[in-house]
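Single-structure report; data block below.
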Amino acid sequence: MLTVGIAGTAKNTGKTTAATALLAQALGHKVTTGLTSIGLDGENLDNVTGLPKPRYVVAAGTRVAAAAGCLAASEAGVEPNVASGVRTPLGEVLIGVVRRPGHLVLAGPNKRSELRCILDRLRDLSCSLTLVDGALNRMVPLVEADALILATGAARSRDPAALAEETGAVAALLDLPAVLPGSAPQGIVLGQEGDTTRGSLLDPAQVGVILERVTPEVSYIFIPGIVDGGCLATLMEGLRPRGMTLVFGSALHLLVSCAPRTLHRLLATWGDSGGRVAVCRRPDLLAVTVNPFYPDVAGPVVRPAYVDAAALEQALRQKVKVPVVDVVRAGTEALWRLVESRLARE
Amino acid sequence: MRIMGDRKKVLLAPLDPVHDVGLKMIRRALDEAGHDTVLLPPDLGAGEIIQAAFRQGADTVLISRTLGYGVAEILARFADLADAAGLREQARIGIGGMAVTRELAAELGFDGGFGPGTPVEEAVAFVEGREYQPQAARASKQKPDLTAGYSYRFRNVRLGGLLDQVVDGFVEWAAGKTTPGVERAAWRDRWWQAEAWLAGQNQDEFYRRYPDLCGDLPRDYYRQGKLHPKTRVMTERERRRLEDRVALVRERLVPRQLQHTRRKPWVFTQYGTGCPFMDVAHIKTLEAWGADGVIHFDPSWGARTEGLVEGFLSHQEDGSVITPENLHRVKEALETATLWQVRAHRGLNTAETVVLAGKLGADLTKINIAYGALGGGTDPARLAVDGYHAVRWAAQYRMPFDVVTNEELCGVPAYKAFAGMLITAAVGVRLGARPILQPLFCYSPEVMVNGQMEDDYVDYNAAKVRVLREIVDAPVWPGAPIGFLTHSEDRVQSSLTTALHAMLAASLDVDAITIASSDEAYSRGPITAAARIDTLRATREAFRFLGATAVSPGPRADFWQERLLAGIEQVLKDVLVVGGFVPAMYQGVLGNREDGAYPGRAGANTVAERATAC
Chain R
1 MLTVGIAGTA KNTGKTTAAT ALLAQALGHK VTTGLTSIGL DGENLDNVTG
51 LPKPRYVVAA GTRVAAAAGC LAASEAGVEP NVASGVRTPL GEVLIGVVRR
101 PGHLVLAGPN KRSELRCILD RLRDLSCSLT LVDGALNRMV PLVEADALIL
151 ATGAARSRDP AALAEETGAV AALLDLPAVL PGSAPQGIVL GQEGDTTRGS
201 LLDPAQVGVI LERVTPEVSY IFIPGIVDGG CLATLMEGLR PRGMTLVFGS
251 ALHLLVSCAP RTLHRLLATW GDSGGRVAVC RRPDLLAVTV NPFYPDVAGP
301 VVRPAYVDAA ALEQALRQKV KVPVVDVVRA GTEALWRLVE SRLARE
Chain X
347 MRIMGDRKKV LLAPLDPVHD VGLKMIRRAL DEAGHDTVLL PPDLGAGEII
397 QAAFRQGADT VLISRTLGYG VAEILARFAD LADAAGLREQ ARIGIGGMAV
447 TRELAAELGF DGGFGPGTPV EEAVAFVEGR EYQPQAARAS KQKPDLTAGY
497 SYRFRNVRLG GLLDQVVDGF VEWAAGKTTP GVERAAWRDR WWQAEAWLAG
547 QNQDEFYRRY PDLCGDLPRD YYRQGKLHPK TRVMTERERR RLEDRVALVR
597 ERLVPRQLQH TRRKPWVFTQ YGTGCPFMDV AHIKTLEAWG ADGVIHFDPS
647 WGARTEGLVE GFLSHQEDGS VITPENLHRV KEALETATLW QVRAHRGLNT
697 AETVVLAGKL GADLTKINIA YGALGGGTDP ARLAVDGYHA VRWAAQYRMP
747 FDVVTNEELC GVPAYKAFAG MLITAAVGVR LGARPILQPL FCYSPEVMVN
797 GQMEDDYVDY NAAKVRVLRE IVDAPVWPGA PIGFLTHSED RVQSSLTTAL
847 HAMLAASLDV DAITIASSDE AYSRGPITAA ARIDTLRATR EAFRFLGATA
897 VSPGPRADFW QERLLAGIEQ VLKDVLVVGG FVPAMYQGVL GNREDGAYPG
947 RAGANTVAER ATAC
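Protein chains in written order, with my numbering: chain R, 1 to 346; chain X, 347 to 960.
Quick look at the structure:
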């Protein structure tokens, strides 16, 4: 089963639009598909801006994992509703197959360990492809996916150049190499016994402690949790880059606690000095989707607004190596082909 | 003091720049329950909070933050950081604050969301890993008996005596009379069996004579299948869709309760859009939002028609046609705890409607001879006989009935309308039925002219309820709806006036009230479901506000109560002077032309002597 997560850099970047496009394509190509979300999707109006949102219309045969409260509010009928043991604010996540097509409100497992569990259950239902819709700018649970689609757009930044820089940085980070299995060199792993920070680097005082443990034999430092940008910079300054690999949980772990461009800069400097970086989990970035929409909050009432779509796409293409797709302008074929070819490799 | 389960370690963290009262309240409840709490100072960063959670070994982290534009991303980022740091393997995280809902909590990635109005117990349940169970009342609503506990004893002996005399004369006159309406009712009572009809069995005996007892419209229906031009039969597809819809809604409907600490008043709402589908859709909405009972409104032409037609009929204009099928469909769609009233208070089918409603399981009916004759267009003698028998059948079918003083809306002063109401009610008591008094809480023509409500809507309405209580120990159910003619097109104003009248009614400890939607007075067309919810929601809030306290009427209420009592007594005496209830209606004693009341003409000269008295 190929799991594709749709991560957004902000609200209203087009995650659900991309997901519904892929669902429709999967249906047309007769691919058995599973669907869940790490947030809440498919509702009528945006919870915060009040603007209309794209809705899920699911076809019969789609496997879904959704909270009980959502299924109760949905037009689509899902059966059987098998309890998963995963609890959300909207009730327990139930797993089933769509029998009666229609609108679906979708809230699913919203943390990583729970998503892993739900993906296992969807795998048991013979899904070839499972889509996991993201939520706002939350991404961490999507580290469980095999592949990612990054959704960004004017809702994140209306300045095409700035957005392109940032997106390029994020894409480059998502491209960080995975750790290669091999003979176990000597290293320092954060989060071992007695470490109250559980594997995260948040406290400047920790940096000193780590540096004291570095001997010439140490060739990697593994930080499985989150990393404060300032602490990372301090750590890097205190290390000899050559022969040292910094290992992180995933690019997403890095992105949550440090701005992409700052991170990109730090890692570039590290790399230029001979240092290496790797991650434990590395979902493939398949594409970046771009949405020219943004909510205009300047007036008394929130209104939909759009930047120049072509200019935005162009700017992003300059900085991002993977394909950049505006699903609404260009159609869904291009995006589907990327997923399809990835699916073929499973 | 430990409540249940293990001792939990809870970290409470205000993300707001200012300390949050909500967290402090929750902390107190958690401490009392024996849990180990740490409350962080406000304005710490996400990283610091996560570190604190690890240091404490927290099982639960409760964050508070007011939502606003841009804040959602901050909170979502917190959830992500906690996940990436591995904190979510160790602790559940809840988010609370203004504008937080469960939906938002799901979107932001938390394990629980607590918005304004969340009871502290719900947060404690979250910490302890239990499902929060709100009041049991929500899950199991019971159907009340409005007349329970009332003796119908006349507290005012003088008035009781006068009413006795009126009723004596009236019963003697009416018992020996019949009308086509009564004949039809008796025929239906004898030969039309609900069980047989439901089972689709032949009721040939019924149809043998029934059409002949009817007027043109129904007779044409039975003989030739002709429908009233403004009606049509619901299609097979519409029937099925209605059944599906009811089943779908039933799966998820949990009826709310409007009442707070007071058990009463029970709240009734009206339906009768003409379309059975719309009616049922409205009824389910009403039930879900707390209505205790629903009242059937039928078309006005029904009152002028001799006989009832059949079929699952939709009507183009206001009012849903009374047919066995239409009534049955409504009954089927109701929740078990919902009270159902089918009105029979005017028109040529008064008696037969009571019989049909009784057979189909209605809980209540409505009968008012004076109103039906003086404001409802039916001939007084005709309606008096029909009403007399209708009351008998109401007793037989164990259906309490309310007696509503709708003639107040024509302009008849309350004291006269009350006299008429009391006479009908006294007839009910005499015949072993259980009447309910329904005075109007309205800005009636009488008060427009005489100024009883220039200052407030409290005193005169209170006087009405109090005078009735003073006279007889009977249930009181202000209608119809309360606040009538105080509503405007302004939705907020309309909802508020309904709620305030509800609050007054509750203060007066009445048994029930009828409320309208916020757009009923002005809708010029369909009433919306949203407008239904408006007034139910407002009424619930009024009950919450009032609790067990009361609005206190002023001294003018006492003044008007005395005036009303004197007025009623005088009218009853006048009734006796002119020879009884029926002559009194013709001669304007219970409401005259100047008041705006006119003896009706429908069914004139249709009263005959019975073959045998009953």
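C-beta atoms are modelled at their ideal positions from N, C-alpha and C, and glycine is treated no differently.
Values in this document were obtained by computation on a predicted structure and should not be read as measured data.
Burial state of residue i (16 or more Cβ within 10 Å)
i	result
S898/X	exposed
F460/X	buried
N110/R	buried
K610/X	buried
R553/X	The amino acid at residue 553/X is misidentified as Arg; the sequence shows Tyr. Exposed, because fewer than 16 other Cβ atoms sit within 10 Å of the Cβ of Y553/X.
N796/X	exposed
P52/R	exposed
M371/X	exposed
R411/X	buried
G238/R	exposed
S84/R	buried
L45/R	exposed
P387/X	exposed
E333/R	exposed
P160/R	buried
K321/R	exposed
Close beta carbons around residue i, own chain, < 7 angstroms, minus the five adjacent residues each side
i	result
P260/R	E166, A169, V170, L173
V924/X	A930, Q933, V935
R329/R	A309
P80/R	G96
Chain-order list of residues whose beta-carbon lies under 6 angstroms from that of residue i (same chain, five-residue window excluded)
i	result
R55/R	G42, H103
T49/R	P295, V302
R902/X	D805
L40/R	A107
L338/R	L286, A287
Presumed contact (8 angstroms Cβ cut-off) between residue i and residue j, rounded CB distance
i	j	result
T62/R	T33/R	6 angstroms
N752/X	G527/X	Not quite, the Cβ-Cβ distance comes to about 20 angstroms (not below 8 angstroms), so this is no contact.
S200/R	G229/R	Not confirmed; about 13 angstroms, so no contact.
G391/X	A422/X	15 angstroms between Cβ atoms; not a contact.
A740/X	I769/X	Actually they do not touch by this definition, with Cβ atoms about 16 angstroms apart.
L23/R	L35/R	7 angstroms
When the options are compared against residue i, the one with the closest alpha-carbon
i	options	result
H642/X	S660/X, W686/X, P611/X	W686/X
R780/X	T711/X, G653/X, H847/X, L786/X	T711/X
D362/X	V356/X, R744/X, L408/X	L408/X
V227/R	V325/R, V57/R, L267/R	L267/R
L235/R	E212/R, L255/R, V256/R	E212/R
T607/X	K810/X, V749/X, I914/X, R890/X	R890/X
T383/X	E394/X, D366/X, A359/X	A359/X
I828/X	R815/X, Q436/X, N807/X	N807/X
A848/X	F830/X, D836/X, E835/X, R837/X	F830/X
L136/R	E419/X, L559/X, W519/X	E419/X
G191/R	A531/X, T631/X, G432/X	G432/X
R837/X	Y803/X, D865/X, G825/X	D865/X
R116/R	A469/X, A740/X, D857/X, D429/X	D429/X
P833/X	S853/X, A862/X, P824/X	One detail in the question is off: residue 833/X reads as His in this sequence, not Pro. Considering only alpha carbons, the answer is A862/X.
V1002/X	L559/X, L508/X, K630/X	With chain X covering 347 to 960 only, the question about residue 1002/X has no answer from this structure.
G134/R	L94/R, D120/R, A151/R, I223/R	A151/R
I221/R	P241/R, A205/R, D203/R	P241/R
F516/X	D748/X, F764/X, E589/X, L729/X	L729/X
Y498/X	A451/X, T525/X, R815/X, R448/X	R815/X
S646/X	A858/X, F614/X, A690/X	A690/X
Nonlocal neighbours in the same chain, by C-beta distance under 8 angstroms from residue i, ignoring five residues either side
i	result
D920/X	A930, V935
Contact with chain A by residue i, beta-carbon distance below 9 angstroms
i	result
D203/R	Looking at the structure shown, chain A is missing, and the protein chains on hand are R and X.
Please confirm if the region 129-148 of chain R is in contact with the region 236-252 of chain R, defined as three or more CB-CB distances below 8 angstroms between the two stretches.
yes
Is the region 787-806 of chain X in contact with the region 757-765 of chain X, if contact means three or more CB pairs nearer than 8 angstroms?
yes
Does the pairing of the region 653-664 of chain X with the region 573-580 of chain X give three or more beta-carbon distances under 8 angstroms?
yes
Pairing CB atoms from the region 460-474 of chain X with CB atoms from the region 443-450 of chain X, are three or more of them under 8 angstroms?
yes
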